Amino acid sequence: MNVKEILNKNNFVFKKKFGQNFLLDQNILDNIVSLSGANKDTLVIEIGVGAAALTKKICEKNAYVIGYEIDKTLKPVLDEVLNKYDNVNIIYDDFLKRNIKEDIKKYDFKRIMVIANLPYYITTPIITSFIKQKIDVEKIIVMVQNEVADRFSAIPGTKSYNSLTIFLNYYFDVKKAFTVSKNVFYPKPNVDSAIVVFNKKKDKLKLNNEEHFFKLVKSAFTQKRKTLKNNLSNYDLNKVNNILKTFNKDINERAENITIEEFVKISNELSKKK
Ligand code: SAM
143 MNVKEILNKN NFVFKKKFGQ NFLLDQNILD NIVSLSGANK DTLVIEIGVG AAALTKKICE
203 KNAYVIGYEI DKTLKPVLDE VLNKYDNVNI IYDDFLKRNI KEDIKKYDFK RIMVIANLPY
263 YITTPIITSF IKQKIDVEKI IVMVQNEVAD RFSAIPGTKS YNSLTIFLNY YFDVKKAFTV
323 SKNVFYPKPN VDSAIVVFNK KKDKLKLNNE EHFFKLVKSA FTQKRKTLKN NLSNYDLNKV
383 NNILKTFNKD INERAENITI EEFVKISNEL SKKK
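What follows is the structure in structure tokens.
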């Protein structure tokens, strides 16, 4: 029986509020799994299991899967689809309410990976929750609406470049892998999607003080249309200006024109111990 038939048999009712559009195309599912490189050494945290089309394929790679699914009415479906695998544990809860460290502490794996196909508004808090909870994730693969995929890897000088881009690109190399047509989902959504891959950076830029850096970046973008002179008025503007001059810039620039490396240099200079 295929996923559609199992959903129908269990009289499953799709819920729009949870962004339930299930991926059915076997080739795309295979592509996502091979992009992950998941194997027996991997703990995969899957967020938004749905009808487990992807979960099944990851189980077949002998990785262990901890899956989160907010919709408890999917339980009979998932019990049926996953009954022959013993390398999977589904947690029926809102992922954003979970203490991930607690959930994974009994598992001992060399690599941790995250795979998620969720509405965009939850994707950002999910990625940041791994950073905030200091979980050493090697790779995050997310599916998002095509037009928002580029925001994650936006470059300076573009409209999408903001404090979140800097935050994410500080920790990860971010790449859009491929687009996925809306026609391969059931039910069919209104827009196409894309797969974005976050690979943990091997060499992060050296920061004196991470907290100082993120506060500085956040302040710099407080009012996007204003200059650094306005947004960074709580900082030593003279010093900021002098550092900026070394990159042929000054405090009349907007934050969107400052690269991550430049923000790092400004933060390191300002937070230097005397
Ligand atoms: N991964 C499946 C696939 O590719 O076919 C399902 C994808 S569907 C777009 C998103 C799934 O995430 C739904 O099953 C939905 O119920 C679940 N979901 C939505 N918000 C969630 C949350 N906060 N925590 C856990 N699951 C959530």
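Residue numbers (our numbering): 143 to 416. A virtual CB, placed ideally from N, CA and C, is assigned to each residue, including glycine. None of these values were measured; they are calculated from a predicted model.
- In the displayed model, N231 falls within a strand according to three-state DSSP.
- A Cβ-Cβ distance of about 4 Å is found for the pair L185 and F251, placing them in contact under the 8 Å criterion.
- Taking 7 Å as the cut-off, the C-beta of E211 counts as close to a heavy atom of the ligand SAM.
- The secondary-structure analysis by DSSP pairs I208 across a beta bridge with I187 and N231.
- Annotation for K318: no alpha helix (DSSP H) segment contains it, though the beta strand (DSSP E) segment containing it runs F314 to V322.
- Under DSSP, F327 forms a beta bridge with L165.
- Residue L306 holds the alpha-carbon nearest to the alpha-carbon of F356 among N150, E222 and L306.
- Relative to the ligand SAM, F314 has its C-beta separated by 7 Å or more from all heavy atoms.
- With a 10 Å radius around the Cβ and a threshold of 16 neighbouring Cβ atoms, S178 comes out buried.
- Distance check between K239 and each of V219, E222 and I212 places I212 closest, using alpha-carbon atoms only.
- At a cut-off of 7 Å, the beta-carbon of V191 counts as near the ligand SAM: some heavy atom of the ligand is closer than that.
- Residue pairing by DSSP places I393 opposite no residue, since no beta bridge is assigned to it.
- DSSP, read as helix, strand or coil, puts F156 in coil.
- R293 sits buried, since 16 or more C-beta atoms from the chains shown fall within 10 Å of its C-beta.
- In the three-state scheme derived from DSSP, where H, G and I count as helix and E and B as strand, T364 is classed as coil.
- I264 has its CB nearer than 7 Å to a heavy atom of the ligand SAM.
- It is roughly 16 Å from the alpha-carbon of K407 to the alpha-carbon of S361.
- In the DSSP secondary-structure assignment, R253 is bridged to T184.
- The segment 293–303 makes no contact with the segment 190–203, as fewer than three CB pairs between them are under 8 Å.
- A contact between stretches requires three or more CB pairs, one per stretch, nearer than 8 Å, and the segment 195–209 meets this requirement with the segment 219–233.
- Straight-line measurement puts the Cα of A397 at about 6 Å from the Cα of F363.
- For S302, the three-state secondary structure derived from DSSP is coil.
- In terms of side-chain proximity, the C-beta atom of A336 is found no nearer than 7 Å to any non-hydrogen atom of the ligand SAM.
- Residue side-chain check: D221 keeps its Cβ at 7 Å or more from all non-hydrogen atoms of the ligand SAM.
- Annotated three-state conformation of V339 is strand, per DSSP.
- Put simply, the segment 213–222 does not touch the segment 313–321. Fewer than three CB pairs are less than 8 Å apart.
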